[in-house]
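**Student:** The sequence shown begins at 1 in this note's numbering and counts up by one.
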Amino acid sequence: MKKIILDEYEIPTHWYNILPDLPSPLEPPLDPQTKEPMSPEKLKALFPEALIEQEMSTERWIEIPPEVREVYAIWRPTPLIRATNLEEYLDTPAKIFYKYEGIAPPGSHKPNTAVAQAYYNAKEGIKKLTTETGAGQWGSSLAFAGQYFGVQVKVYMVKVSYQQKPYRRILMETWGAEVIPSPSPYTKSGKKILEEDPDNPGSLGIAISEAVEEALENEDTHYALGSVLNHVLLHQTVIGLEAKKQLAKIKHYPDIVIGSVGGGSNFGGLTLPFMIERLSGESCTRFIAVEPASCPTLTQGKYEYDFGDTVGFTPLMKMHTLGHDFVPPSIHAGGLRYHGMAPIISKLYDEGLIEAVAVPQTEIFKAAITFARTEGIVPAPESAHAVKVAIDEALKCRETGEPKVILFNLSGHGLLDLSAYQQFLEGKLKD
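Shown next, in the form of structure tokens:
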């Protein structure tokens, strides 16, 4: 079968929460002022109570509200596709499958959590959400979700991505969001950074600082984050839960699961439901996180407490980090340009349950071109990181003769990133 399709009634009814199954508990977020565990009360200035509860929940399964599943049904369940043309091109005995999240209206996996966050905020009476975005996939997803629940959205978009990806900005504005290039002159955080460096290209850490600052100063406004936090990874588990059902229909189980990783939501969404069997000793599946060589958070970052933003508004989280003041190079995979890693992913990496590899920009675009010319889909630069390592693993199978089952998440299409492809095809793209 080329495509394994689920019926609409098979959309998951519950998200999977890995926290009770971790080998050891996550270290708690710390109050930046007292260095004591952060109280839920302090988080209420930024997040609705339901999301705070999910962030700390010890329940293994958390029900997806019917209102959220109703919006999910616009594009979910997403297809699981076997990359038969790629297999033939690589002359590999491996069976390569990809979960294609690019069919969502914003073109990525991000609305899986954006819809949930917009719903819970609207239910608590919040009228406005501020957020950051790198490549624009998260900002466009929150703009898309906000319109369904009557929530206004303001997006601080990393300046270099604002300039590189104008169509992402237009997509956000089409759905009614206000988009500001970050660092901006409209917040104290942005002003200070621009005074020190007027040509600062921006970073996700800076954009988070601006969005959080505005939310803290307005009672009717909350902040929404598109990755890293526990509740974000929780919402994304619909990806892996569907993939498990789809593979079970053809009596397969993955030997290798691969995902691109910036803050951790895409990787976690696919892998965490499969981690259940690994943690219980029922499988030996390998999990490979793929990050940019220019922003190697897992492979080179320190595992320590750090801020999630540049200025220091957020709680301190135990995670792999390159330092909250790290400003990454202006590579095209804007969604992966983040200094820190989700505490859950960081814990699993520290425990040796997942692997990580860093790849340079030109190599991922070579893989993306190969995928586009065999499977027909032009992947987002972020997704191309997973494509690259899936190809590498399939080539290893060609050498060993092992017919392994390889699964990766094609978390977004690249149709709004064609300027990056143009630069690559013209030989102008550098590492």
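Positions of the beta carbon are idealized from the N, C-alpha and C atoms, including for glycine. On a predicted model such as this, the values are computed, not experimentally measured, just so you know.
When you compare only the Cα positions, how much space is there between Glu-219 and Ile-18?
**Tutor:** Counting from one through the sequence shown, the residue named residue 219 turns up at place 219. Counting from one through the sequence shown, the residue named residue 18 turns up at place 18. So the two alpha carbons sit approximately 32 Å from each other.
**Student:** What's the C-alpha gap between Val-160 and Ile-250?
**Tutor:** Your numbering for residue 160 matches position 160 in the sequence shown. Your numbering for residue 250 matches position 250 in the sequence shown. Near 44 Å, if we compare the C-alpha coordinates of Ile-250 and Val-160.
**Student:** Going by beta carbon distance, what residues of the same chain come within less than 6 Å of Ala-114, once the five residues before and after it are set aside?
**Tutor:** Counting from 1 along the sequence shown, the entry for residue 114 is found at position 114. Only Ser-141, Leu-142, Ala-145 meet the Cβ criterion.
**Student:** Which residue spans inside the stretch 254-334 form an unbroken alpha helix (DSSP H) run of at least 4?
**Tutor:** 265-279, 297-300, all fully within the stretch 254-334.
**Student:** Over what stretch of residues does the alpha helix (DSSP H) that includes Leu-216 continue unbroken?
**Tutor:** Walking along the sequence shown from the start, residue 216 turns up at place 216. Its alpha helix (DSSP H) spans residues 204-216.
**Student:** How would you call Tyr-9, buried or exposed, if buried means at least 16 neighbouring beta carbons within 10 angstroms?
**Tutor:** Against the sequence shown, residue 9 aligns to sequence position 9. That one is exposed.
**Student:** Would you tell me roughly how many angstroms separate the C-alpha atoms of Lys-244 and Tyr-253, rounded to the nearest one?
**Tutor:** Here residue 244 corresponds to residue number 244 of the sequence shown, with the count starting at 1. Here residue 253 corresponds to residue number 253 of the sequence shown, with the count starting at 1. Cα-Cα distance, rounded: 8 Å.
**Student:** Count Cβ pairs between the stretch 409-417 and the stretch 381-390 that sit closer than 8 Å; are there 3 or more?
**Tutor:** At 8 Å Cβ cutoff, the stretches touch.
**Student:** Buried or exposed: which applies to Arg-168, given that a residue is buried once 16 or more other Cβ atoms fall within 10 Å of its Cβ?
**Tutor:** Here residue 168 corresponds to residue number 168 of the sequence shown, with the count starting at 1. Arg-168 should be labelled buried.
**Student:** Quick check on Phe-47: does DSSP put it in helix, strand or coil?
**Tutor:** As a first step, residue 47 is located in the sequence shown; it is residue number 47 there, counting from the start. Phe-47 falls in the coil class under three-state DSSP.
**Student:** Report yes or no: do the stretch 200-214 and the stretch 125-134 share at least 3 C-beta pairs separated by less than 8 Å?
**Tutor:** The stretch 200-214, when compared against the stretch 125-134, does touch it at the 8 Å Cβ threshold.
**Student:** Once DSSP output is grouped into helix, strand and coil, what is the label at Trp-61?
**Tutor:** The residue given as residue 61 occupies position 61 in the sequence shown. Note: Trp-61 maps to strand in three-state DSSP.
**Student:** Using the DSSP secondary-structure output, state which residues sit across from Arg-82 in a beta bridge.
**Tutor:** Taking the first residue of the sequence shown as 1, we reach residue 82 at position 82. For Arg-82, which the question treats as bridged, DSSP gives the partners Phe-97.
**Student:** Helix, strand or coil for Leu-407? Go by DSSP, reduced to three states.
**Tutor:** Sequence index remark: in the sequence shown, residue 407 carries index 407 (1-based). Three-state DSSP puts Leu-407 in a strand.
**Student:** Got a sec? Which residues, its chain only, sit under 8 Å from Glu-55 by beta carbon, not counting five neighbours each side?
**Tutor:** Numbered from its first residue, the sequence shown carries residue 55 at position 55. Leu-43, Phe-47, Leu-229, Asn-230, His-231, listed in sequence order.
**Student:** I believe Val-290 touches Lys-430 by the beta-carbon criterion, under 8 Å. Please report the beta-carbon distance rounded to the nearest angstrom.
**Tutor:** Position 290 of the sequence shown, counted from the first residue, corresponds to residue 290. Position 430 of the sequence shown, counted from the first residue, corresponds to residue 430. Rounded, the Cβ-Cβ distance is 20 Å, inconsistent with contact.
**Student:** Quick one: is Ser-280 buried, meaning 16 or more other Cβ sit within 10 Å of its Cβ, or exposed?
**Tutor:** Within the sequence shown, numbered from 1, the residue matching residue 280 stands at position 280. With fewer than 16 Cβ atoms within 10 Å of its Cβ, Ser-280 is classed as exposed.
**Student:** Using DSSP's beta-bridge definition, name the partner residues of Val-378.
**Tutor:** Within the sequence shown, the letter at position 378 stands for residue 378. DSSP lists no partner for Val-378.
**Student:** Can you tell which of Tyr-349, Asp-392, Leu-353 has its C-alpha closest to the C-alpha of Thr-370?
**Tutor:** Mapped onto the sequence shown, residue 370 falls at position 370. Nearest of Tyr-349, Asp-392, Leu-353 to Thr-370, Cα basis: Asp-392.
**Student:** Between the Cα of Gln-423 and the Cα atoms of Gln-164, Pro-29, Gly-263, Phe-149, which residue gives the shortest distance?
**Tutor:** Residue 423 sits at position 423 when you count from the first residue of the sequence shown. Checking every option, the nearest Cα to that of Gln-423 belongs to Gln-164.
**Student:** Compare the C-alpha of Leu-90 against each of Gly-414, Pro-403, Glu-355 and name the closest.
**Tutor:** On the sequence shown, position 90 is the one that residue 90 refers to. When each option's Cα is compared against that of Leu-90, the closest is Pro-403.
**Student:** Note down the Cα distance separating Leu-272 from Tyr-303, rounded to an integer number of angstroms.
**Tutor:** Sequence index remark: in the sequence shown, residue 272 carries index 272 (1-based). Sequence index remark: in the sequence shown, residue 303 carries index 303 (1-based). Cα to Cα, the separation comes out at about 20 Å.
**Student:** Pull up the distance between the alpha-carbon of Ser-227 and that of Gly-139, whole angstroms please.
**Tutor:** For the purposes of this step, residue 227 is taken as residue 227 along the sequence shown, with counting starting at 1. For the purposes of this step, residue 139 is taken as residue 139 along the sequence shown, with counting starting at 1. Taking the straight line from one Cα to the other gives about 12 Å.
**Student:** Run through the DSSP bridge pairs and tell me what Thr-133 is partnered with.
**Tutor:** For the purposes of this step, residue 133 is taken as residue 133 along the sequence shown, with counting starting at 1. For Thr-133, which the question treats as bridged, DSSP gives the partners Met-157.
**Student:** To the nearest angstrom, report how far apart Leu-416 and Pro-360 are at their CA atoms.
**Tutor:** One-based indexing of the sequence shown puts residue 416 at position 416. One-based indexing of the sequence shown puts residue 360 at position 360. Cα-Cα distance, rounded: 21 Å.
**Student:** Hey, Thr-374 and Asn-85 are a contact pair by Cβ (cut 8 Å); roughly how many whole angstroms apart?
**Tutor:** Numbered from its first residue, the sequence shown carries residue 374 at position 374. Numbered from its first residue, the sequence shown carries residue 85 at position 85. Their Cβ separation, rounded to whole angstroms, is 4 Å, which keeps Thr-374 and Asn-85 in contact under 8 Å.
**Student:** Report the three-state DSSP secondary structure of Lys-110 (helix, strand or coil).
**Tutor:** Here residue 110 is taken as the residue at index 110 of the sequence shown, counted from 1. It is coil, neither helix nor strand.
**Student:** Identify the continuous alpha helix (DSSP H) that holds Thr-13 and give its terminal residues.
**Tutor:** Working through the sequence shown from its first residue, we reach residue 13 at position 13. Where Thr-13 is concerned, there is no enclosing alpha helix (DSSP H), given that its DSSP letter is neither H nor E.
**Student:** Any chance the stretch 310-325 sits against the stretch 120-127, with 3 or more Cβ pairs inside 8 Å?
**Tutor:** Segments in contact, no.
**Student:** His-413 lies in the alpha helix (DSSP H); which residues open and close that run?
**Tutor:** As a working mapping, residue 413 is identified with position 413 in the sequence shown. Premise fails: His-413 is in no alpha helix (DSSP H) and is neither H nor E.
**Student:** Under 7 Å Cβ to Cβ from Pro-328, same chain only, skipping five residues before and after it: list those, please.
**Tutor:** Counting from one through the sequence shown, the residue named residue 328 turns up at place 328. Closer than 7 Å at Cβ, skipping near neighbours: Ser-203, Ser-294, Cys-295, Arg-337.
**Student:** Indicate the three-state DSSP secondary structure (helix, strand or coil) for Pro-37 in the structure shown.
**Tutor:** The residue given as residue 37 occupies position 37 in the sequence shown. Pro-37: strand per DSSP, three-state reduction.
**Student:** Need the endpoints of the beta strand (DSSP E) that Glu-355 sits in, please.
**Tutor:** What you label residue 355 is simply residue 355 of the sequence shown in a count that begins at 1. 355-359 is the span of the beta strand (DSSP E), which, as asked, contains Glu-355.
**Student:** What is the rounded straight-line gap between the Cα of Leu-353 and the Cα of His-235?
**Tutor:** Locating residue 353 in the sequence shown gives position 353, counting from the first residue. Locating residue 235 in the sequence shown gives position 235, counting from the first residue. Cα to Cα, the separation comes out at about 21 Å.
**Student:** According to DSSP, simplified to helix, strand and coil, what is Val-115?
**Tutor:** As a working mapping, residue 115 is identified with position 115 in the sequence shown. It is helical.
**Student:** If I follow the unbroken beta strand (DSSP E) through Ile-180, where does it start and stop?
**Tutor:** The sequence position of residue 180 within the sequence shown is 180, counting from 1. That run of the beta strand (DSSP E) goes 178-182.
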